[in-house]
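Colleague: For the sequence shown, the UniProt record's numbering begins at 1 and goes up steadily by one. This is the structure, below, for whatever I ask next.
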Amino acid sequence: MAVLVLGGAGYIGSHAVDRLIAKGYDVAVVDNLVTGHRAAVNPKARFYQGDVRDQDFLNRVFDQEDIEGVIHFAAFSVVPESMEKPLKYFDNNTAGMVSLLEVMNQHNVKKIVFSSTAATYGEPKQIPIKETDPQIPTNPYGESKLMMEKIMHWADLAYGIKFIALRYFNVAGAKPDGSIGEDHHPETHLVPIILQVAAGERDELSIFGDDYPTKDGTNVRDYVHVVDLADAHILALEYLKAGHDSDAFNLGSSTGFSNKEMLEAARKVTGKPIPAKMAPRRAGDPSTLIAASDKARKVLNWKPQFDNVEDIIATAWNWKQTHPEGYNDRQATK
Ligand code: UFG
């Protein structure tokens with residue numbers, strides 16, 4: 001039987017596909033290649049190009065494949081864009097989930113692992129953030145994902161579709177052999193932007209705000225390696241296959257690093273000066289986000305292999321150096 005990975009050509013999805021294949025799973029991938037890259041998909045996976053909102057297309061995939069469970073990564077995830085284009089997020093992310101659950105139900109597929117986010121919590125009430133804390137998103141991206149969690153809850157009650165929502169904190173890094181990695185256009189995330197400066201593609205890093213109530217005034221985030229994140233999805237799928245109930249888990253390292261600390265770590269890893277300047281705050285940035293991730297460690301038996309940010313940055317730097325232009329496929333697929 002196959003595991004169906006939606007969004008399997010994206011940054012996190014492609015690493016999950018790669019780990020599934022490495023662990024001997026039979027894998028089918030769906031991706032519309034709007035932000036994903038065909039070259040990121042492990043060639044041992046069967047690939048279907050199409051959109052999660054297209055039920056005729058999804059029905060054909062579910063007819064063709066014998067699917068034991070679904071891992072769903074297909075979503076837009078840029079917070080500032082979601083503030084400007086909220087309907088794009090509710091359409092693709094939230095309506096996409098409705099479409100997928102309908103097709104799953106029609107085909108009697110009853111297990112789904114899904115990418116949720118720390119953005120569902122909004123401005124945290126306490127640090128570290130626990131799974132039971134209030135979820136009050138401060139942007140449409142987080143709202144679209146919270147709605148997806150709620151839709152899954154009701155689909156579980158009505159149809160018995162069991163789900164695991166994995167609430168990611170800040171993901172970074174690349175497969176250590178440098179064969180797949182992060183390639184967004186435009187890039188908005190801290191680690192790849194720092195490495196673009198290190199590689200000479202940008203003149204300097206702008207650090208958004210140094211007047212936050214943190215150790216050095218810059219935002220603090222909790223970084224987790226993309227391969228560790230990918231592995232958590234496989235553990236979550238196995239957890240559902242073992243007959244457990246629907247649940248939600250934070251995925252983070254439980255350690256916070258400030259933006260300035262990340263810059264220093266990258267200077268050390270790359271040996272480059274990486275010029276930086278202070279810039280105004282970016283709208284919607286919470287001051288500090290750190291996960292309580294003991295639930296995933298205890299219940300799913302998740303054991304992240306990367307426990308320091310320098311090692312995480314080193315894998316991203318390896319990818320950057322071997323793929324200075326990413327997958328270099330913008331003409332081919334866009
Ligand atoms: N930052 C800079 N300069 C840059 C880019 C980022 O200073 O050029 C700062 C941001 O202001 C923030 C930190 O680096 O303080 C991390 O920013 P990212 O954009 O890398 O990540 P976010 O924490 O904003 O967002 C991540 C995911 C989202 C998810 C969110 C959860 O990318 O999808 O965590 O809150 F919603």
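Ideal Cβ positions, reconstructed from N, Cα and C, are used throughout, including at glycine.
In the structure shown, what three-state DSSP assignment does M83 receive?
Modeller: On the sequence shown, residue 83 is found 83 positions in, with the first residue counted as 1. Here M83 sits in helix by DSSP.
Colleague: Taking the CB atoms as reference points, tell me whether K295 and F249 lie closer together than 8 Å.
Modeller: Here residue 295 is taken as the residue at index 295 of the sequence shown, counted from 1. Here residue 249 is taken as the residue at index 249 of the sequence shown, counted from 1. It is a contact, given that the beta carbons lie within the stated cut-off.
Colleague: What is the rounded straight-line gap between the Cα of T333 and the Cα of H37?
Modeller: Residue mapping note: residue 333 aligns to position 333 of the sequence shown, counting from 1. Residue mapping note: residue 37 aligns to position 37 of the sequence shown, counting from 1. Low confidence applies to T333: its pLDDT is 42, below 50, so where it sits in the model is not reliable, and the reading given next is rough at best. T333 and H37: Cα-Cα distance of roughly 8 Å.
Colleague: Pull up the DSSP beta-bridge partners for Y168, would you.
Modeller: Residue numbering aside, residue 168 sits at position 168 when the sequence shown is read from its first letter. For Y168, which the question treats as bridged, DSSP gives the partners T117 and L251.
Colleague: For Y212 and S287, which I take to be in contact (beta-carbon distance under 8 Å), what is that distance rounded to the nearest angstrom?
Modeller: As a working note, residue 212 is residue 212 in the sequence shown. As a working note, residue 287 is residue 287 in the sequence shown. Contact holds; Cβ gap of about 4 Å.
Colleague: Taking the alpha helix (DSSP H) that G13 belongs to, which residues open and close that run?
Modeller: One-based indexing of the sequence shown puts residue 13 at position 13. Unbroken alpha helix (DSSP H) run through G13: Y11 to A22.
Colleague: Using the Cα positions of D245 and A28, report the straight-line distance between them to the nearest angstrom.
Modeller: Translated into positions along the sequence shown, residue 245 becomes position 245. Translated into positions along the sequence shown, residue 28 becomes position 28. One C-alpha to the other measures close to 25 Å.
Colleague: Any idea what DSSP makes of T315, helix, strand or coil?
Modeller: As a first step, residue 315 must be located in the sequence shown, where it is residue number 315. Of the three classes helix, strand and coil, the one that applies to T315 here is helix, per DSSP.
Colleague: Is the stretch 229-246 touching the stretch 179-192, taking contact as three or more C-beta pairs under 8 Å?
Modeller: Cβ pair count under 8 Å is below three, so no.
Colleague: Closer than 8 Å by C-beta to S14: which residues in its own chain qualify, once you throw out the five before and the five after it? Chain order, please.
Modeller: Position 14 of the sequence shown, counting from 1, holds the residue named residue 14. Excluding sequence neighbours, S14 sits near G8, G36, H37, A40, V41, N42 and I180.
Colleague: What are the partner residues of L205, as DSSP defines its beta bridges?
Modeller: Taking the sequence shown and counting its residues from 1, the one referred to as residue 205 is at position 205. Looking at the DSSP assignment, L205 forms a beta bridge with A276.
Colleague: Count the other C-beta atoms from every protein chain shown that fall within 10 angstroms of the C-beta of residue 410, then say buried if there are 16 or more, exposed otherwise.
Modeller: In this structure the chain extends from 1 to 334, so residue 410 is not present and cannot be described.
Colleague: Along the chain, which unbroken stretches of the alpha helix (DSSP H) at least 4 residues long are found entirely within the stretch 202-246?
Modeller: Fully enclosed alpha helix (DSSP H) runs of 4 or longer: 226-241.
Colleague: When you compare only the Cα positions, how much space is there between T120 and Y89?
Modeller: For the purposes of this step, residue 120 is identified with residue 120 of the sequence shown, where counting begins at 1. For the purposes of this step, residue 89 is identified with residue 89 of the sequence shown, where counting begins at 1. Rounded to the nearest angstrom, the two C-alpha atoms are 14 Å apart.
Colleague: According to DSSP, simplified to helix, strand and coil, what is Y25?
Modeller: Position 25 of the sequence shown holds residue 25. Note: Y25 maps to coil in three-state DSSP.
Colleague: Thinking C-beta only, is V30 closer than 8 Å to Y48?
Modeller: Position 48 of the sequence shown holds residue 48. Position 30 of the sequence shown holds residue 30. Yes, the Cβ-Cβ distance between Y48 and V30 is below 8 Å.
Colleague: Sorted by chain position, which residues of the same chain lie with C-beta nearer than 6 Å to F57's C-beta, five sequence neighbours on each side aside?
Modeller: If you number the sequence shown from 1, residue 57 lands on position 57. Once the five neighbours on either side are set aside, the close Cβ partners of F57 are G50.
Colleague: Out of D228, R330 and N93, which one is the CA nearest neighbour of G252?
Modeller: Here the question's residue 252 lines up with position 252 in the sequence shown. Nearest of D228, R330 and N93 to G252, Cα basis: D228.
Colleague: Can you have a look at G24 and say buried or exposed, based on whether 16 or more other CB atoms are within 10 angstroms of its CB?
Modeller: Here residue 24 refers to the residue found at position 24 of the sequence shown. The residue in question, G24, is exposed, as its Cβ has fewer than 16 Cβ neighbours within 10 Å.
Colleague: For V103 and F73, which I take to be in contact (beta-carbon distance under 8 Å), what is that distance rounded to the nearest angstrom?
Modeller: Walking along the sequence shown from the start, residue 103 turns up at place 103. Walking along the sequence shown from the start, residue 73 turns up at place 73. That pair is no contact at about 16 Å.
Colleague: Mind pulling the beta strand (DSSP E) runs of 3 or more residues that sit fully within the stretch 131-178?
Modeller: 162-168 and 170-172, all fully within the stretch 131-178.
Colleague: Are the stretch 263-270 and the stretch 137-153 in contact at 8 Å, needing three or more beta carbon pairs?
Modeller: Verdict: no, contact absent.
Colleague: Among A316, A199, E68 and N59, which residue has its Cα nearest to the Cα of I234?
Modeller: The residue labelled residue 234 in the question sits at position 234 within the sequence shown. Per the Cα distances, E68.
Colleague: Quick one: using the 10 Å Cβ neighbour count with 16 as the cut-off for buried, is W154 buried or exposed?
Modeller: Within the sequence shown, residue 154 is the residue found at index 154, counting from 1. Exposed is the call here.
Colleague: Below 8 Å on the Cβ atoms is my contact criterion, and I expect L289 with A236 to pass it. Report the Cβ-Cβ distance as a whole number of Å.
Modeller: Counting from 1 along the sequence shown, the entry for residue 289 is found at position 289. Counting from 1 along the sequence shown, the entry for residue 236 is found at position 236. Incorrect: roughly 21 Å between the Cβ atoms, too far for contact.
Colleague: What separation, rounded to the nearest whole angstrom, lies between the Cα atoms of P137 and G122?
Modeller: Along the sequence shown, one-based indexing puts residue 137 at 137. Along the sequence shown, one-based indexing puts residue 122 at 122. Roughly 4 Å between the two C-alpha positions.
Colleague: Is any non-hydrogen atom of the ligand UFG found closer than 7 Å to the C-beta of V206, if you look at the structure I gave you?
Modeller: Taking the sequence shown and counting its residues from 1, one reaches residue 206 at position 206. This sequence places Ser at residue 206; Val is not what is there. Result yes, Cβ under 7 Å from the ligand UFG.
Colleague: Hey, would you say A276 sits closer than 8 Å to I313, going by beta carbons?
Modeller: Numbered from its first residue, the sequence shown carries residue 276 at position 276. Numbered from its first residue, the sequence shown carries residue 313 at position 313. Cβ atoms of A276 and I313: not closer than 8 Å.
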